[in-house]
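Residue numbers (my numbering), protein chains in the order written: chain A, 1 to 338; chain B, 1001 to 1306. All C-beta atoms, glycine included, are put in the ideal place defined by N, C-alpha and C. Just so we're clear, the structure is a prediction, and the values are computed from it rather than from any experiment.
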Amino acid sequence: MSDRSELQERGATTVGATTTFDRRGERRRFSQLTRGDKSVLWLIVGIPTLIHLVFVWIPAIATVVLSFTDWDGLSPVSQIGLVGFQNYWEIFTVFRSDVVSAGINNGFLVVFLFVGPTAFGVLLAYLLDKNLRGGRIYQSIYYLPVVLSLAVVGFIWKSVMYSPSQGVISTVLGRTGSGEQIDWLGDQTHAFGFGDYGISKNFLAILVAMAWRHVGYIMVLYLAGLKSVDPSLREASAIDGCNEWQAFRRVVFPAMKPINVVVGVITVIEALRAFDIVFALKSPRGMDLLSILVTDNLIGEGGGNVGRGSGYGVILLLLCLGFIIWYLANNIRQERRS
Amino acid sequence: MTLAVVGDVFSPTPDNRPRVRTRDRVMRGGLHLFLIVMAIGWLIPVVGAIYSSLRPYDETSRKGFLSLPDTLTLQNYRDAWGQGQMRHHYWMTALIVIPAVLITLLLSSLVAFGVSRFTWRLNIVLLLLFTAGNLLPQQVIAQPLFQMYKRIPLPGFLSDTGYMLGSTAGLVTIHVAFQIGFCTFVLSNYMKTLPAELTEAAMIDGAGVLRQFWQVTLPLCRPALAALATLEFTWVFNDFFWAVLLENQGADRPITSSLANLGGQFFTNDNLVAAGSMLVAFPTILVYLLLQRQFVSGLTLGASKG
């Protein structure tokens, strides 16, 4: 990887640095500008910020507000009535089984992504960082699924890997005969369960397809991080007699803290916003997710319940919020240090 | 432990070296073997999709997937192209992706350029706002956004429906609003690496901020813009959620979200679906193969994408 472009070298350094702001006054002070320049600056920063606020942050706040109302989305906005926590009460009583099974699936997805594809992506990055011959080719192959949309990934796995009658997996297992076929994506019985809830077999099947795409993503991010670790750290740990695992665990991994945070946050958020692949497969039972519950209350068959749909959205928001704040706090801390 | 160290110290060096080298070579060999096996496994879904898409359905269902082909044909591609009305959906995709990527890059480079001139405090508030917005799951804002889109009127030349809901302009808007965050973040990091003297010199020569931006800063950001353009192209092209939600009538959906049309009600031709998937995947795979370096550097420049 000696032919890395200038850009990638810059990239390797900015990965660790995250948001960087200039504090030391290298840039010109705003007050030194002419009045015309000042108003132009306000405009070029203000207009995009306004677009972002109107279409991202105002809806985000509106979700919270609407979750306390009984709005059906049809009656005029002026007639929206506040109902307090009634939507949440309904979600956790009447629709309890929906939200619990979706929550279990989302939670399992978080854990699975960490111990499966995220860990494996880190391992691949670590191995490819050894500058093996052909490393670039390996990297290209592992990364390929990342450029596909999750919906397309779903269709490819459905038609090629998981087709009961002629799929690759059934063919390899020799289960393509008419009486012995396995309905990989349709079987909603629990692979392991607790009480009425559990993880369905078809959900496990779809996790494999998601993992296929997630590994390459993490690998590329981590590889960039590894390249930015000071090589003298590793040399020092080798001289001190660390074996490879100790050197990674005690020296390299802690030195990569910024990128670890990025990878951690990405993994959690990906797990919580997972939607495309399940929706593209027409949301089979057993693959319930919080994101699906939000949209079911919007465009689904029982649609038109803005209040309850927003309630599900708020649950999703609360689950993400901690991680987003953690990420931002980490950014600011880094900034202070630099 | 102590014994081993003592033994190491006293053992003659020439005896030791070749052994280590052989062990190293075996290790490397094992590593390559592992990586090759994994790489082959990784390619199975895509190669398998290409293979089955080139074969007629009744042949694979009769002979099984693991069999030599009697006929290789593009018929599945023709059928998918026609049944999926892919020409129309590709056209809709172009109408969404091209403006969305261009507007996103323009606006975010303006913001990145602008915030560097403000005080540090305002600067950090804005960038945190954008970063956090970019990390929000889309579903969190889906309900209110849908209701907003239903009620915001648009002039006829921008929307057939008369409202943002169901219009191409509406989809472009939400992509721009969401993606500005990531691009601003990357570009402001990149602009920081440029020497401040350049714009200072331009200012002393009498150039206003817009001219400094357009003639000095922007041309220097070309590598970062190229990297972001490839990434953003892929992300907007691959969007499924917004298209399903906001293009709620279906007929004018961009290509990725129109794939569902191929699945028949009762009978699904797997080879046809594979061909359709490959047709949809083709542009992103092509961009990736041609511009791999831009792709990877864009991702690592940001490393913040959720």
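(Q) So N1248 (chain B) contacts chain A; which residues on that side make the cut at Cβ distance below 8 Å? (A) On the second sequence, position 248 is the one that residue 1248 (chain B) refers to. Near N1248 (chain B) (Cβ distances below 8 Å), the residues of chain A are I299.
Q: Return yes when the Cβ of S159 (chain A) is within less than 7 Å of the Cβ of A1274 (chain B), no when it is not.
A: Counting from one through the second sequence, the residue named residue 1274 (chain B) turns up at place 274. Counting from one through the first sequence, the residue named residue 159 (chain A) turns up at place 159. For A1274 (chain B) and S159 (chain A), yes; Cβs fall inside 7 Å.
Q) Considering A62 (chain A), what are the terminal residues of the alpha helix (DSSP H) in which it resides? A) One-based indexing of the first sequence puts residue 62 (chain A) at position 62. For A62 (chain A), the enclosing alpha helix (DSSP H) covers residues 58 to 66.
Q: Consider the Cβ of D1270 (chain B): report whether some Cβ of chain A lies at a distance smaller than 7 Å.
A: The sequence position of residue 1270 (chain B) within the second sequence is 270, counting from 1. Chain A contact via Cβ: present.
Q | Best match in B:Y1288, B:D1270, B:M1148, B:S1258 for proximity to S1061 (chain B) [C-alpha to C-alpha] | A | Looking up residue 1061 (chain B) in the second sequence gives position 61. Among B:Y1288, B:D1270, B:M1148, B:S1258, the Cα nearest to that of S1061 (chain B) belongs to B:D1270.
Q: Pull up the DSSP beta-bridge partners for I199 (chain A), would you.
A: Residue 199 (chain A) sits at position 199 when you count from the first residue of the first sequence. The partner list for I199 (chain A) (beta bridge, DSSP) reads A:F192.
Q: Buried or exposed for I269 (chain A), please, with buried defined as at least 16 other CB atoms from any protein chain shown within 10 angstroms of its CB.
A: Along the first sequence, read from residue 1 onward, the residue named residue 269 (chain A) stands at position 269. The residue in question, I269 (chain A), is buried, as its Cβ has 16 or more Cβ neighbours within 10 Å.
Q) Would you call the stretch 1105 to 1113 of chain B and the stretch 1175 to 1191 of chain B touching, i.e. three or more CB-CB distances under 8 Å? A) yes
Q. By the criterion of Cβ-Cβ separation under 9 Å, what are the contact partners of L44 (chain A) in chain B?
A. Mapped onto the first sequence, residue 44 (chain A) falls at position 44. First, the amino acid is wrong: residue 44 (chain A) is Ile here, not Leu. Result: L1107, L1110, V1111, F1113, G1114, V1209, L1210, F1213.
Q: Look up Y1163 (chain B) in the DSSP assignment and give the residues it is bridged to.
A: The sequence position of residue 1163 (chain B) within the second sequence is 163, counting from 1. Y1163 (chain B) is bridged to B:P1153.
(Q) If you measure between the beta carbons of I1174 (chain B) and T1104 (chain B), is that distance less than 7 Å? (A) One-based indexing of the second sequence puts residue 1174 (chain B) at position 174. One-based indexing of the second sequence puts residue 1104 (chain B) at position 104. Against a cut-off of 7 Å, the Cβ pair of T1104 (chain B) and I1174 (chain B) comes out as no contact.
(Q) Let's test the definition: count the other Cβ atoms within 10 Å of the Cβ of Q1138 (chain B) and tell me whether it reaches 16, buried, or not, exposed. (A) Position 138 of the second sequence, counted from the first residue, corresponds to residue 1138 (chain B). The residue in question, Q1138 (chain B), is buried, as its Cβ has 16 or more Cβ neighbours within 10 Å.
(Q) Does N1123 (chain B) pass the burial test, meaning 16 or more other C-beta atoms within 10 Å, or should it be called exposed? (A) Mapped onto the second sequence, residue 1123 (chain B) falls at position 123. Buried is the call here.
Q | the stretch 1231 to 1248 of chain B: positions lying closer than 8 Å to chain A by Cβ | A | T1234, F1237, N1238, D1239, F1240, F1241, V1244, L1245, N1248
Q. Would you say Q1139 (chain B) reaches chain A, if we count a Cβ-Cβ gap shorter than 7 Å as a contact?
A. As a first step, residue 1139 (chain B) is located in the second sequence; it is residue number 139 there, counting from the start. By this cut-off, Q1139 (chain B) is an interface position.
Q: Quick one: residues in its chain with C-beta nearer than 8 Å to the C-beta of Q139 (chain A), no 5 flanking neighbours on either side, listed in chain order?
A: Translated into positions along the first sequence, residue 139 (chain A) becomes position 139. Taken in chain order, the residues that qualify are L128, M219, V220, L223.
Q: Look at the Cβ atom of S178 (chain A), then the Cβ atom of Q188 (chain A), and state whether they are nearer than 7 Å.
A: Taking the first sequence and counting its residues from 1, the one referred to as residue 178 (chain A) is at position 178. Taking the first sequence and counting its residues from 1, the one referred to as residue 188 (chain A) is at position 188. No. Outside cutoff.
Q. Which residues mark the beginning and the end of the alpha helix (DSSP H) in which F1178 (chain B) is found?
A. Here residue 1178 (chain B) refers to the residue found at position 178 of the second sequence. Taken as a continuous stretch (DSSP letters only), the alpha helix (DSSP H) holding F1178 (chain B) covers 1168 to 1192.
(Q) Assuming A209 (chain A) and G264 (chain A) are in contact, meaning their beta carbons sit under 8 Å apart, how far apart are those beta carbons, in whole angstroms? (A) Locating residue 209 (chain A) in the first sequence gives position 209, counting from the first residue. Locating residue 264 (chain A) in the first sequence gives position 264, counting from the first residue. The pair is not a contact, with the Cβ atoms about 22 Å apart (cut-off 8 Å).
Q. If the cut is a Cβ gap below 8 Å, which residues of chain B does M161 (chain A) touch?
A. One-based indexing of the first sequence puts residue 161 (chain A) at position 161. I1044, P1045, G1048, listed in chain order.
Q) Going by DSSP, which residues form a beta bridge with L1122 (chain B)? A) Looking up residue 1122 (chain B) in the second sequence gives position 122. Answer is none; L1122 (chain B) lacks a bridge partner.
Q: Label T93 (chain A) either buried or exposed according to how many other C-beta atoms from any shown protein chain fall within 10 Å of its C-beta, with 16 as the threshold for buried.
A: Your numbering for residue 93 (chain A) matches position 93 in the first sequence. Classification for T93 (chain A): exposed.
Q.
Let me see if you follow: with CB-CB separation under 7 Å, is V251 (chain A) close to chain B or not?
A. On the first sequence, position 251 is the one that residue 251 (chain A) refers to. No - not a single Cβ of chain B is within 7 Å of the one on V251 (chain A).
Q) Between S232 (chain A) and chain B, is there a C-beta pair that is closer than 7 Å? A) One-based indexing of the first sequence puts residue 232 (chain A) at position 232. False, the Cβ-Cβ gap to chain B never drops below 7 Å.
Q) According to DSSP, is L281 (chain A) helix, strand or coil? A) Position 281 of the first sequence, counted from the first residue, corresponds to residue 281 (chain A). Residue state, collapsed to three classes: coil.
Q: Output the distance between the C-alpha atoms of F253 (chain A) and V1101 (chain B), rounded to the nearest integer angstrom.
A: Indexing the first sequence from 1 puts residue 253 (chain A) at position 253. Indexing the second sequence from 1 puts residue 1101 (chain B) at position 101. Each residue's alpha carbon lies about 36 Å from the other.
Q: Locate the alpha helix (DSSP H) running through I1098 (chain B), then write down its first and last residues.
A: Indexing the second sequence from 1 puts residue 1098 (chain B) at position 98. Its alpha helix (DSSP H) spans residues 1086 to 1115.
Q: Going by DSSP, name the residue or residues bridged to T69 (chain A).
A: Along the first sequence, one-based indexing puts residue 69 (chain A) at 69. According to DSSP, T69 (chain A) shares a beta bridge with A:L82.
Q.
Check whether chain A comes within 7 Å of A1080 (chain B), counting only Cβ atoms and requiring the distance to be less than that.
A. Start at 1 with the first residue of the second sequence, and residue 1080 (chain B) comes out as number 80. Output row for A1080 (chain B): interface = no.
Q.
When you compare the CB of Q188 (chain A) with every CB in chain B, is at least one pair closer than 7 Å?
A. By one-based count along the first sequence, residue 188 (chain A) stands at place 188. Q188 (chain A) does not count as touching chain B.
Q. Buried or exposed: W212 (chain A), going by 16 or more other Cβ atoms within 10 Å of its Cβ?
A. Here residue 212 (chain A) is taken as the residue at index 212 of the first sequence, counted from 1. Buried, because 16 or more other Cβ atoms sit within 10 Å of the Cβ of W212 (chain A).
Q.
In whole angstroms, give me the CA-to-CA distance for R96 (chain A) and L109 (chain A).
A. Start at 1 with the first residue of the first sequence, and residue 96 (chain A) comes out as number 96. Start at 1 with the first residue of the first sequence, and residue 109 (chain A) comes out as number 109. If you take the alpha carbons of R96 (chain A) and L109 (chain A), they lie about 20 Å apart.
Q: Could you name the residues of chain B that F275 (chain A) contacts, counting a contact when the two beta carbons are closer than 7 Å?
A: Numbered from its first residue, the first sequence carries residue 275 (chain A) at position 275. In chain order: Q1139, F1241.
Q) Which residues in the same chain as L1291 (chain B) place their Cβ atom closer than 7 Å to its Cβ, once the five residues preceding and following it in sequence are excluded? A) Sequence index remark: in the second sequence, residue 1291 (chain B) carries index 291 (1-based). Excluding residues within five positions, the ones whose Cβ falls inside 7 Å are T1230.
Q: On a CA-only basis, which of B:R1087, B:R1023, B:V1176 is nearest G1276 (chain B)? Give me that one, please.
A: To locate residue 1276 (chain B), count along the second sequence from 1; it is residue 276. B:R1087 is the residue among B:R1087, B:R1023, B:V1176 whose C-alpha sits nearest the C-alpha of G1276 (chain B).
Q. To the nearest whole angstrom, what separates the beta carbons of M1027 (chain B) and P1254 (chain B), a pair I think is in contact under 8 Å?
A. The residue you call residue 1027 (chain B) lines up with position 27 of the second sequence. The residue you call residue 1254 (chain B) lines up with position 254 of the second sequence. Not quite, the Cβ-Cβ distance comes to about 48 Å (not below 8 Å), so this is no contact.
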